[in-house]
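S.K.:
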Amino acid sequence: MKPADRDVERAARAAAGARRALVERLKAAGLCRDPRVAEAMGSVPRHLFVPAALQGEAYGDHALPIGYGQTITQAANVARAAELAALTPAARVLEIGTGSGYQAAVLARLARWVFSLERIAPLGKGAILLLKTLGVANVSIKVFDGSYGWSEHAPYDAILVAAAAPEVPDPLVAQLAAGGRLVIPIGPAARQKLLVVRKLPNGRTRAEDAGEVAYVPLVGRFGFAPAETERISR
Ligand code: SAH
Numbered sequence: 041m042k043p044a045d046r047d048v049e050r051a052a053r054a055a056a057g058a059r060r061a062l063v064e065r066l067k068a069a070g071l072c073r074d075p076r077v078a079e080a081m082g083s084v085p086r087h088l089f090v091p092a093a094l095q096g097e098a099y100g101d102h103a104l105p106i107g108y109g110q111t112i113t114q115a116a117n118v119a120r121a122a123e124l125a126a127l128t129p130a131a132r133v134l135e136i137g138t139g140s141g142y143q144a145a146v147l148a149r150l151a152r153w154v155f156s157l158e159r160i161a162p163l164g165k166g167a168i169l170l171l172k173t174l175g176v177a178n179v180s181i182k183v184f185d186g187s188y189g190w191s192e193h194a195p196y197d198a199i200l201v202a203a204a205a206p207e208v209p210d211p212l213v214a215q216l217a218a219g220g221r222l223v224i225p226i227g228p229a230a231r232q233k234l235l236v237v238r239k240l241p242n243g244r245t246r247a248e249d250a251g252e253v254a255y256v257p258l259v260g261r262f263g264f265a266p267a268e269t270e271r272i273s274r
C-alpha cells in the first residue's frame with residue numbers, strides 16, 4: 041500500500057470512530073432513539089462536508105463555518121429534525137438550506153427522495169458535486185429561494201427547514217402532503233423555537249413546539265430580508 045493510501049485509510053478509520061462516539065453522545069442527550077436515524081448519523085462522513093482545515097472538528101457537536109457566512113447544521117439539530125420529521129423509507133422530502141449537503145445526505149438514507157434548495161449558488165453547486173462524489177443518488181438540489189418551496193415536486197411527506205424563519209412560510213404549508221410534517225425553526229437570530237407543523241387529513245394544521253434551537257436565518261421572500269451589510273464572501 042502506498043503511504044498516501046495508508047493516510048487515507050487511517051483518516052477514514054479515525055472518522056468512523058469519531059462518528060460512533062458522536063452517535064453515543066447524541067443518544068446520551070436523548071436523540072437518535074430511532075435506530076434508522078442513528079444508522080444514518082453513524083454513516084454519513086460529516087468530516088467531508090466541512091473545509092479541510094476543520095475536518096478534525098467535524099464530529100464535535102457544534103456548527104462549523106462552510107463559507108459565505110453559513111454553517112453546517114449542528115449534528116444534534118440534524119438528528120432532532122430527522123426524528124421529528126418521522127420519515128419512512130418511501131418519503132419524499134424537501135429540505136430548505138442545502139448548505140454543505142450534510143443534512144441532505146443524512147435524509148437521503150432515511151427517505152426515498154430528497155429535494156433540496158439553497159439560495160447561495162456556490163454552496164448549492166458544491167453540494168451537488170460532493171454528493172455525486174459520495175455516490176448519493178437520491179438527492180436533487182436547486183439554487184433558488186427556498187422560502188417559496190419547490191412546487192414542481194410537491195406534495196412532500198416532510199419539509200425540513202435548516203434556517204430560521206420569522207413565521208411559517210405559507211407556500212411550505214401548501215406543499216405539505218396530508219399527514220405530512222414541516223419542521224422549522226421560528227424566531228430571530230441566535231435563539232428560536234423549533235416548530236413541528238403537522239397537516240391533518242382534513243387539511244388543517246397543528247403546530248407543536250419542540251424546544252429551543254439556534255439556526256442561521258432563512259433569507260428570502262417568506263423569510264428575513266437580506267441584511268444591508270450581508271456580504272457573500274468566504
Ligand atoms: N443543511 C445545511 C445547513 C446549512 S445552514 C448543512 O447541513 O450544511 C443553512 C443554509 O440555508 C445556508 O446555506 C443558507 O444559505 C441557506 N438559506 C438561507 N435562506 C435560504 C432560502 N431562502 N432558500 C434556500 N436556502 C437558504
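If you're matching positions, the sequence shown starts at 41 in the numbering used here and goes up one per residue. Where a beta carbon is used, it is the ideal one built from N, C-alpha and C, also for glycine.
What are the boundary residues of the beta strand (DSSP E) that T245 is part of?
M.R.: Sequence index remark: in the sequence shown, residue 245 carries index 205 (1-based). Taken as a continuous stretch (DSSP letters only), the beta strand (DSSP E) holding T245 covers 245–253.
S.K.: Between which two residues does the alpha helix (DSSP H) holding I168 run?
M.R.: The residue you call residue 168 lines up with position 128 of the sequence shown. Per DSSP, I168 belongs to the alpha helix (DSSP H) from 161–173.
S.K.: Report yes if the CB atom of A98 is closer than 8 Å to the CB atom of H87, and no otherwise.
M.R.: Position 58 of the sequence shown, counting from 1, holds the residue named residue 98. Position 47 of the sequence shown, counting from 1, holds the residue named residue 87. Yes, they are a contact pair.
S.K.: Within a Cβ cutoff of 7 Å, which residues of the same chain sit near N178, ignoring the five residues on either side of it in sequence?
M.R.: Here residue 178 refers to the residue found at position 138 when the sequence shown is read from its first residue. Excluding positions up to five away in sequence, the list reads A148, R152, W153, V154.
S.K.: Could you tell me the distance, in whole angstroms, from the CA atom of A265 to the CA atom of E49?
M.R.: The residue you call residue 265 lines up with position 225 of the sequence shown. The residue you call residue 49 lines up with position 9 of the sequence shown. In a straight line, the C-alpha of A265 is about 45 Å away from that of E49.
S.K.: From the DSSP output, in three-state form, read off L152 for me.
M.R.: Your numbering for residue 152 matches position 112 in the sequence shown. Sequence check: residue 152 is Arg here, not Leu. In this structure, R152 counts as coil in the three-state DSSP scheme.
S.K.: Could you check whether the Cβ of Y99 sits closer than 7 Å to any heavy atom belonging to the ligand SAH?
M.R.: For the purposes of this step, residue 99 is identified with residue 59 of the sequence shown, where counting begins at 1. Every heavy atom of the ligand SAH is 7 Å or more from the Cβ of Y99, so no.
S.K.: Which same chain residues, not among the five before or five after F89, have their C-beta less than 8 Å away from its C-beta?
M.R.: Within the sequence shown, residue 89 is the residue found at index 49, counting from 1. These residues qualify, in order along the chain: A98, I106, I112, S140, G141, Y142, A145, L170.
S.K.: Does any heavy atom of the ligand SAH sit closer than 7 Å to the C-beta of R53?
M.R.: As a first step, residue 53 must be located in the sequence shown, where it is residue number 13. Result no, Cβ not under 7 Å from the ligand SAH.
S.K.: Using the three-state DSSP reduction, which class does G220 fall into: helix, strand or coil?
M.R.: The residue you call residue 220 lines up with position 180 of the sequence shown. If DSSP states are grouped into helix, strand and coil, G220 belongs with the strands.
S.K.: DSSP three-state label for G96, please.
M.R.: Taking the first residue of the sequence shown as position 1, residue 96 is located at position 56. Helix.
S.K.: Using the beta-carbon count (16 or more within 10 Å), is N117 buried or exposed?
M.R.: As a position in the sequence shown, residue 117 is number 77, starting the count at 1. With 16 or more other Cβ atoms within 10 Å, it is buried.
S.K.: Label E192 either buried or exposed according to how many other C-beta atoms from any shown protein chain fall within 10 Å of its C-beta, with 16 as the threshold for buried.
M.R.: On the sequence shown, position 152 is the one that residue 192 refers to. By the 10 Å Cβ count, E192 comes out exposed.
S.K.: Do the stretch 224–232 and the stretch 178–188 make contact, defined as three or more Cβ pairs closer than 8 Å?
M.R.: No contact exists between the stretch 224–232 and the stretch 178–188.
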